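Colleague:
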Amino acid sequence: MKTILYNGIVVNDGKRFAGYVVIADALIEEVGVGVASLSLLQQCAVRYDVDGAFILPGVIDGHVHFREPGLTHKADIAGESRVAAAGGVTSVMDMPNCKPATTTIRDLEAKFAIAQQSSMVNFSAYIGATNDNLEEIRRVDFSRVCGIKVFMGSSTGGMLLGDGEALRRVFSEFGTIVAVHSEDEAIINANKSRFLSEMGNPDDLPLGYHSRIRSHEACLTSTRKAVDLARHYGTRLHILHISTAGELALLDSCPLSQKHITAEACVAHLLFTEADGARLGARIKCNPAVKTPADRLALREALRTGLIDVVSTDHAPHLLSEKQGGCLKAASGMPMVQFSLVAMLELAHQGVCSTELVVEKMCHAPALLYRIKGRGFLRKGYQADIAVVKRLSEPHIISDADVRSRCAWTPLTGFATHYQVAMTWVNGKLAYHQGELHEEVRGERLCFDV
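For what it's worth, the working numbering labels the leading residue of the sequence shown as 1, then goes sequentially.
1) Among the candidates Leu378, Ile177 and His315, whose CA atom is the shortest distance from the CA of Val22?
2) Between which two residues does the beta strand (DSSP E) carrying Lys15 extend?
3) Leaving out five residues on either side along the sequence, give the residues of the same chain with a beta carbon under 7 Å from the beta carbon of Gly277.
4) Drop a sphere of 10 angstroms on the beta-carbon of Cys254, count the other beta-carbons inside from all chains shown, and report buried for 16 or more, exposed for fewer.
5) Would you report the Cα separation of Tyr233 and Pro395, rounded to the nearest angstrom?
6) Would the beta-carbon of Glu436 be found less than 7 Å away from any heavy atom of the ligand SAH?
7) What residues are listed by DSSP as bridge partners for Arg334?
8) Give the range of the beta strand (DSSP E) segment to which Asn7 is assigned.
9) Could you tell me the alpha carbon to alpha carbon distance between Ala245 and Leu299, rounded to whole angstroms?
10) Are the CB atoms of Val145 and Ala125 within a distance shorter than 8 Å?
11) Does DSSP put Leu108 in a helix, in a strand, or in coil?
12) Pairing CB atoms from the segment 295-315 with CB atoms from the segment 259-268, are three or more of them under 8 Å?
13) Strictly by DSSP, which residues pair up with Val128?
14) In whole angstroms, give me the CA-to-CA distance for Arg16 and Val31.
15) What is the DSSP secondary structure of Met95, reduced to helix, strand or coil?
16) Does the Cβ-Cβ distance between Arg371 and Asp449 come in under 8 Å?
17) Are the segment 411-419 and the segment 70-86 in contact at 8 Å, needing three or more beta carbon pairs?
18) Measuring alpha carbon to alpha carbon, tell me which of Lys323, Ala302 and Thr102 ends up nearest Glu136.
19) Whose CA, out of Lys2, Ser143, Val59 and Lys74, lies closest to the CA of Arg514?
20) According to DSSP, is Asn189 helix, strand or coil?
21) Quick one: using the 10 Å Cβ neighbour count with 16 as the cut-off for buried, is His241 buried or exposed?
22) Give me the residue from Asp204, Val290 and Glu80 with the minimum Cα distance to Gln324.
23) Buried or exposed for Gly443, please, with buried defined as at least 16 other CB atoms from any protein chain shown within 10 angstroms of its CB.
24) Contact between the segment 186-197 and the segment 269-276 is defined here as three or more beta-carbon pairs at a separation below 8 Å; is this criterion met?
25) Please report the straight-line C-alpha distance between Arg106 and Gly70, rounded to a whole angstrom.
26) Return the CA-CA distance between Leu56 and Met1, expressed in angstroms with no decimal places.
27) Helix, strand or coil, according to DSSP, for His65 in the structure here?
28) Would you decide whether Glu198 is buried or exposed? Buried here means 16 or more other CB atoms lie within 10 Å of its CB.
29) Could you pull the start and end residues of the beta strand (DSSP E) that Ile49 belongs to?
30) In whole angstroms, what separates the C-alpha of Phe123 from that of Gly200?
31) Okay, do the segment 3-12 and the segment 35-55 touch, 3+ Cβ pairs below 8 Å being the bar?
32) Give me, in chain order, the residues of the same chain whose beta-carbon lies closer than 8 Å to that of Arg139; leave out the 5 immediate sequence neighbours on both sides.
33) Would you check if there are 3 or more beta carbon pairs closer than 8 Å linking the segment 342-352 to the segment 400-411?
34) In the DSSP output, which residue or residues are listed as bridge partners for Ala263?
35) Just the Cα atoms here: how many angstroms apart are Arg473 and Thr223?
36) Exposed or buried, what is Leu237 when buried is set at 16 or more other beta-carbons lying within 10 Å of its beta-carbon?
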C-alpha cells in the first residue's frame with residue numbers, strides 16, 4: 001500500500017523545496033519536487049495534504065535517559081518513546097546510567113527486550129564502561145549497539161571511570177564510538193570543597209554555585225585530556241554536551257566524513273544561560289551546567305562552522321520533587337525530547353541558524369556519525385522515518401500542561417514557538433497525528449555499519 005504526503009515543503013540534503021514524499025510499506029519510494037500529479041495521487045491508497053507544512057526526516061536523538069530499568073518512577077521506555085514520537089523524534093539512543101547500570105551484555109539485551117515490546121520509536125543503547133568490564137565490552141556486537149559511554153566526570157548514576165589504565169584501554173582497544181561525559185572530577189571536588197568551606201560548610205549551596213563547581217576549567221581540562229587520548233590512539237571519540245567556548249578550540253571544522261573526533265551540543269546549552277536560573281531555578285540544572293551568554297553564543301556559531309556536529313537533548317526526566325533544593329541537592333537533568341525539534345526550528349525562525357542546518361544537525365549528521373543504516377534522510381529506499389511540522393499563525397507558549405512525560409514539567413515553560421509537530425512516521429507507520437498517538441506502532445532496533 002502506498003501513502004503520499006503532498007503539498008509540503010521538503011527540507012532534506014541541504015535543500016528546501018515544494019514537494020511530496022511517497023511511502024511504500026516501510027520505505028520511502030519517491031521524494032518529488034513540485035505538485036504531485038493526479039495520476040500519482042490516484043496510485044496512492046492513503047493521501048495526506050500537509051498544507052504547506054515542513055516534511056523532514058525524523059529526528060535521531062543520540063543522547064537520552066529513558067530511566068528503565070530501575071528508575072521507572074521518573075519515566076520508562078514505553079512512555080518516553082511516545083513523548084519522542086510526539087516531538088518528531090523517530091530514533092533514540094539510551095544511556096547506561098539506570099539501575100542496574102547497563103554494563104553487561106545481559107543487561108543490554110534485557111533493555112533491548114523491553115524496547116522491542118514497548119518502544120514506539122527506533123531504539124539503541126550504549127554499554128557503559130567501568131574499571132572492570134572491558135572484557136565484557138570486547139564481546140559486544142557493535143553492529144547492534146551504538147557505542148561505549150564513558151563518564152570522565154561523575155553525573156547522575158555514579159558511573160565514574162576513574163582508573164587511568166581502564167580509560168586508556170577504552171580509548172586504545174575499541175573501534176566503535178566512545179562517547180564521553182567530559183568533566184574533571186578532581187576540579188569539581190576541589191571547587192565544591194572550597195565553596196562549602198567559604199560558606200561555613202552548610203548541607204547545601206545556592207543553585208548559582210552549580211556552574212562555578214562544574215566550571216569552565218573542569219570541562220576544558222577533561223575534554224583536552226579526551227582529545228589528546230583520541231588523537232594518540234585514533235579513537236572514534238564523541239564528546240557529549242559541549243558547554244564552553246574553550247572546548248571548541250580543541251575541535252576541527254573539517255567535513256564530518258573526515259573526522260574521528262566529533263562533538264555534540266545539547267538543546268539546553270543552545271537555549272539557556274546561567275542567567276536563566278533566576279527565572280527557571282533547578283529546572284535548568286544539568287551536568288555539565290549551562291554557562292555564560294558568551295559560551296552560548298560560541299556554541300551557536302559552532303553549529304554554523306561545523307565544529308559542532310550534532311544536536312541532541314540529554315533528555316533526563318526527574319520528578320519535580322527531585323528538583324527541589326540547591327546546588328548539591330536538586331537533581332541534575334531535564335526533559336527535552338518532546339520539544340527539541342520545535343525549539344531548534346524556533347532558533348532558525350529567530351535567525352540563529354537555518355532550517356536546513358537544523359535538519360543537518362538533528363537528522364542527517366547523527367545517521368552519518370553513528371553509521372546508521374538507511375535512516376536520517378528522505379531518500380528512495382530509506383526507512384520512512386518522517387516528521388511533518390506545521391507553521392503556526394500565532395506562537396504557542398509552552399507550559400507544563402503540554403508535557404506528555406511522566407515527570408509532568410518542562411524547562412521550556414514560557415518558551416514561544418511558531419512550530420508544532422503534526423505527524424510522525426516510524427518505519428512507514430503513522431505513530432503520531434495531530435495530538436493522537438497510534439499505540440500499535442513499534443520501532444525497530446537500530447543497525448550500524450562497523
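Ideal Cβ placement from N, Cα and C applies to all residues, glycine included. All of these numbers come straight from a predicted model, not from anything done at the bench.
Modeller: So, to answer that:
1) Here residue 22 refers to the residue found at position 22 of the sequence shown. Comparing Cα positions, the closest option is Leu378.
2) Residue 15 sits at position 15 when you count from the first residue of the sequence shown. Counting along the chain, the beta strand (DSSP E) containing Lys15 begins and ends at Lys15 to Ala24.
3) Within the sequence shown, residue 277 is the residue found at index 277, counting from 1. If the five residues before and after Gly277 are omitted, its C-beta is found closer than 7 Å to the C-beta atoms of Leu207, Gly208 and Ile284, all from its own chain and listed in chain order.
4) Position 254 of the sequence shown holds residue 254. When all chains shown are included, Cys254 counts as exposed.
5) Within the sequence shown, residue 233 is the residue found at index 233, counting from 1. Within the sequence shown, residue 395 is the residue found at index 395, counting from 1. Those two C-alpha atoms are separated by around 49 Å.
6) Because no ligand of any kind appears in the structure shown, any question about the ligand SAH cannot be addressed here.
7) One-based indexing of the sequence shown puts residue 334 at position 334. Per the sequence shown, the amino acid found at residue 334 is Met instead of Arg. BP columns for Met334 point to His315.
8) Counting from one through the sequence shown, the residue named residue 7 turns up at place 7. Segment Lys2 to Asn12, the beta strand (DSSP E) holding Asn7.
9) For the purposes of this step, residue 245 is identified with residue 245 of the sequence shown, where counting begins at 1. For the purposes of this step, residue 299 is identified with residue 299 of the sequence shown, where counting begins at 1. The C-alpha of Ala245 lies about 7 Å from the C-alpha of Leu299.
10) What you label residue 125 is simply residue 125 of the sequence shown in a count that begins at 1. What you label residue 145 is simply residue 145 of the sequence shown in a count that begins at 1. Yes, the pair counts as a contact, with Cβ atoms nearer than the cut-off.
11) Residue 108 sits at position 108 when you count from the first residue of the sequence shown. Residue state, collapsed to three classes: helix.
12) Yes: at least three Cβ pairs fall under 8 Å.
13) By one-based count along the sequence shown, residue 128 stands at place 128. Correcting the residue identity first, residue 128 is Gly in this sequence and not Val. Gly128 is bridged by DSSP to Lys149.
14) The residue labelled residue 16 in the question sits at position 16 within the sequence shown. The residue labelled residue 31 in the question sits at position 31 within the sequence shown. About 12 Å.
15) Taking the first residue of the sequence shown as position 1, residue 95 is located at position 95. Three-state DSSP puts Met95 in coil, outside helix and strand.
16) Stepping through the sequence shown from its first residue, residue 371 is reached at position 371. Stepping through the sequence shown from its first residue, residue 449 is reached at position 449. In this structure, Asp449 lies closer than 8 Å to Arg371 by Cβ.
17) no
18) For this step, residue 136 is matched to residue 136 along the sequence shown. The residue with the shortest Cα to Cα distance from Glu136 is Thr102.
19) Outside the displayed span of the chain (1 to 450) sits residue 514, for which this structure offers no information.
20) Indexing the sequence shown from 1 puts residue 189 at position 189. Annotated three-state conformation of Asn189 is helix, per DSSP.
21) By one-based count along the sequence shown, residue 241 stands at place 241. Buried, since its Cβ has 16 or more Cβ neighbours within 10 Å.
22) For the purposes of this step, residue 324 is identified with residue 324 of the sequence shown, where counting begins at 1. Here the closest residue by C-alpha is Asp204.
23) Start at 1 with the first residue of the sequence shown, and residue 443 comes out as number 443. Buried, since its Cβ has 16 or more Cβ neighbours within 10 Å.
24) Contact between the segment 186-197 and the segment 269-276 is absent, because fewer than three Cβ pairs lie under 8 Å.
25) Position 106 of the sequence shown holds residue 106. Position 70 of the sequence shown holds residue 70. Roughly 15 Å between the two C-alpha positions.
26) For the purposes of this step, residue 56 is taken as the residue at position 56 of the sequence shown. For the purposes of this step, residue 1 is taken as the residue at position 1 of the sequence shown. Taking the straight line from one Cα to the other gives about 21 Å.
27) Within the sequence shown, numbered from 1, the residue matching residue 65 stands at position 65. In this structure, His65 counts as coil in the three-state DSSP scheme.
28) Counting from one through the sequence shown, the residue named residue 198 turns up at place 198. That one is exposed.
29) Counted from its first residue, the sequence shown places residue 49 at position 49. As written in the sequence, residue 49 is Asp, which differs from the Ile given in the question. Where Asp49 is concerned, the enclosing beta strand (DSSP E) stretches over Val46 to Asp49.
30) Here residue 123 refers to the residue found at position 123 of the sequence shown. Here residue 200 refers to the residue found at position 200 of the sequence shown. Between Phe123 and Gly200, the C-alpha separation is close to 47 Å.
31) As far as the Cβ criterion goes, the segment 3-12 touches the segment 35-55, which means the pair count is three or higher.
32) On the sequence shown, position 139 is the one that residue 139 refers to. Ile105, listed in sequence order.
33) no
34) The sequence position of residue 263 within the sequence shown is 263, counting from 1. BP columns for Ala263 point to Ile239.
35) Outside the displayed range of the chain (1 to 450) lies residue 473, so it cannot be described from this structure.
36) Position 237 of the sequence shown holds residue 237. Buried, because 16 or more other Cβ atoms sit within 10 Å of the Cβ of Leu237.
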